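Visitor: Residue numbers (the UniProt record's numbering): 1 to 267.
Positions of the beta carbon are idealized from the N, C-alpha and C atoms, including for glycine.
Bear in mind that the values here come from a model prediction, so they are computed numbers and not experimental data.
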């Protein structure tokens with residue numbers, strides 16, 4: 001029996017995530033997931049742990065007002081208001097996509113610039129300004145600031161298999177999934193095309209390619225000196241020069257997910 005064993009939301013791309021017991025789905029995946037992003041103030045390019053591992057120590061969580069609360073060790077926290085979706089638009093770049101999205105203002109920029117160590121801006125993506133999913137021909141298929149797809153699923157057995165090969169327990173948060181499923185065989189999710197959780201159907205879009213970010217310890221922000229788990233993944237999860245771990249999903253409707261729900265493989 002397959003069941004949903006964990007839910008994670010990452011309000012800011014590449015910052016600390018939050019574990020949830022219940023989550024709503026909207027047109028961009030989990031409501032509030034990867035809707036905020038840091039960009040270089042000089043050119044609008046997106047910033048992540050790939051180049052700035054200290055972002056793993058940045059807490060950026062939804063607050064009661066619908067905005068974001070920024071926090072990190074040794075500094076006062078800062079509440080950031082949700083910006084107007086049509087004001088103070090800033091040109092930003094994420095991978096090959098360019099976007100114009102609202103800027104969160106100077107106070108947030110100053111706070112984050114001091115943390116990052118260079119001029120940085122905080123931007124937000126409202127649903128109406130989201131970008132197209134790569135390769136999609138359907139205009140309603142959109143994604144916020146996630147790398148390419150609205151949701152990421154990983155099987156718990158797949159992580160357990162990898163941990164046994166590496167020789168030490170690995171944290172699921174290294175891989176930053178939204179959904180964790182238990183009860184299947186290792187990498188069973190590679191064969192799925194459509195699944196249902198609760199009343200929501202999901203298309204399994206493609207495998208998730210992995211990078212140096214997986215070698216960053218989410219608790220400390222330090223890179224693994226042995227480059228694990230990427231080194232081991234390359235020995236058995238590499239295809240055509242890319243390393244795969246987890247599956248990208250697209251939700252086909254809005255709805256509610258709760259930990260403990262059954263997961264049904266439709267195809």
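Three or more C-beta pairs under 8 Å: does that hold for the segment 67 to 74 against the segment 134 to 149?
Guide: Counting Cβ pairs under 8 Å, fewer than three are found: no touch.
Visitor: Just to confirm my understanding: we take residue 217, look at its own chain, exclude 5 residues before and 5 after, and list those with CB closer than 6 Å. What are they?
Guide: Nothing listed; no residue qualifies.
Visitor: May I ask you to report which of helix, strand or coil DSSP gives residue 111?
Guide: Three-state result, residue 111: helix.
Visitor: Suppose you measure from the CA of residue 113 to the CA of residue 46; what does that come to, to the nearest Å?
Guide: If you take the alpha carbons of residue 113 and residue 46, they lie about 14 Å apart.
Visitor: Taking contact to mean 3 or more Cβ pairs, one atom from each stretch, closer than 8 Å, check whether the segment 97 to 108 and the segment 125 to 142 are in contact.
Guide: These segments touch.
Visitor: Whole angstroms is fine: what's the gap from residue 81's alpha carbon to residue 119's?
Guide: Each residue's alpha carbon lies about 20 Å from the other.
Visitor: Three or more beta-carbon pairs under 8 Å between the segment 25 to 32 and the segment 53 to 60, yes or no?
Guide: These segments do not touch.
Visitor: Alpha carbon to alpha carbon, how far is residue 202 from residue 255? Give it in angstroms, no decimals.
Guide: Their backbone Cα atoms lie some 11 Å apart in a straight line.
Visitor: Do you know how far the Cα of residue 9 is from the Cα of residue 196?
Guide: For residue 196 and residue 9, the distance between alpha carbons rounds to 19 Å.
Visitor: How big is the Cα-Cα spacing for residue 172 and residue 159?
Guide: Straight-line Cα distance between these residues: approximately 7 Å.
Visitor: What residues in its chain sit with their C-beta under 6 Å from that of residue 134, if we drop five residues either side in the sequence?
Guide: Counting only Cβ-Cβ distances below 6 Å, and skipping sequence neighbours, we find 148.
Visitor: Going by C-alpha distance, which of 109, 262, 20 is nearest residue 199?
Guide: Considering only alpha carbons, the answer is 262.
Visitor: Kindly indicate which three-state DSSP category residue 128 falls into: helix, strand or coil?
Guide: In the structure shown, residue 128 sits in a helix (DSSP, three-state: H, G or I).
Visitor: Cβ atoms of residue 89 and residue 108: under 7 Å apart, would you say?
Guide: Not a contact, by the Cβ cut-off of 7 Å.
Visitor: Measuring CA to CA, which of 241, 94, 190, 162 is closest to residue 40?
Guide: Closest by alpha carbon: 94.
Visitor: In angstroms with no decimal places, state the Cα-to-Cα distance between residue 86 and residue 13.
Guide: In a straight line, the C-alpha of residue 86 is about 21 Å away from that of residue 13.
Visitor: Looking only at C-alpha atoms, which of 21, 214, 91, 152 sits nearest to residue 250?
Guide: If we check each option's Cα against that of residue 250, 152 comes out closest.
Visitor: In three-state DSSP terms, what is residue 242?
Guide: In this structure, residue 242 counts as strand in the three-state DSSP scheme.
Visitor: Whole angstroms is fine: what's the gap from residue 115's alpha carbon to residue 1's?
Guide: Whole-angstrom Cα-Cα distance: 45 Å.
Visitor: Would residue 209 and residue 227 qualify as a contact pair, given that the criterion is a beta-carbon distance under 7 Å?
Guide: Not closer than 7 Å, so no.
Visitor: Could you check whether residue 245 and residue 239 sit closer than 7 Å to each other, using their CB atoms as the reference points?
Guide: Not a contact, by the Cβ cut-off of 7 Å.
Visitor: Look at the alpha carbon of residue 169 and the alpha carbon of residue 224, and state the distance between them as a whole number of angstroms.
Guide: If I take the Cα positions, the gap works out to 13 Å.
Visitor: Starting from residue 16, follow its DSSP beta bridges and name the residues at the other end.
Guide: For residue 16, which the question treats as bridged, DSSP gives the partners 59.
Visitor: Tell me which residue opens and which closes the beta strand (DSSP E) that residue 5 is part of.
Guide: 3 to 9 is the span of the beta strand (DSSP E), which, as asked, contains residue 5.
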